[in-house]
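Start counting the sequence shown at 1; every next residue gets the next number (UniProt numbering).
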Amino acid sequence: MKHLLISILMLILPTTAMAQNVILINPFEVPKGQEAEAIVYWEAARDFLQQQPGYVSTELHQSIQPNARFHLINIAEWENIETFKAATSKMRKELTQKRIEGMKFYPALYDIIRK
1 MKHLLISILM
11 LILPTTAMAQ
21 NVILINPFEV
31 PKGQEAEAIV
41 YWEAARDFLQ
51 QQPGYVSTEL
61 HQSIQPNARF
71 HLINIAEWEN
81 IETFKAATSK
91 MRKELTQKRI
101 EGMKFYPALY
111 DIIRK
């Protein structure tokens, strides 16, 4: 009986204990001269999303090369796809910060496959 219980636990635990968070990588195209406004928008979105279930962390990265296509890239971590979708859907409805005209986003969710 003890071995059966251990075998069952070994089958169940990997799917729950090893469940991996999802990573959002979201590069932005920001119109020239509007970088400061884009950062203010990002901060408002971050402040909203931090309060949502499933949020883990986020960081905004800025290019150090002037010829980079994307000068700002957001990298965030969420517990799962469902909480990310629910939070961003809620944000689109409730965030009062005005989006920057001409700013384009290219978000995608990723799994970490190597460290």
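Even glycine gets a Cβ: it sits at the ideal position worked out from N, Cα and C. This one's a predicted model, so the numbers in the text were calculated from it and none came from an experiment.
DSSP, read as helix, strand or coil, puts THR83 in helix. Each of GLY33, ILE113 and GLU43 was checked against the Cα of ASN74, and the nearest Cα belongs to GLU43. Within the model, the alpha-carbon separation for ASN80 versus GLN20 is close to 8 Å. If you compare the alpha carbons of ALA76, ILE39 and ARG92 with that of GLN50, the shortest gap goes to ALA76.
Excluding its 5 nearest sequence neighbours in each direction, GLU59 has C-beta neighbours in its own chain below 6 Å: ILE75, listed in chain order. As the crow flies, the alpha-carbon of GLN65 is around 35 Å from that of PRO53. Ranked by Cα distance from MET103, the options ASP47, HIS71 and LYS93 are led by HIS71. Counting only runs of 4+ residues, the alpha helix (DSSP H) found wholly inside the UniProt domain "ABM" (22-88) occupies 35-49, in chain order.
In the three-state DSSP reduction, LYS104 falls in the strand class (E or B).
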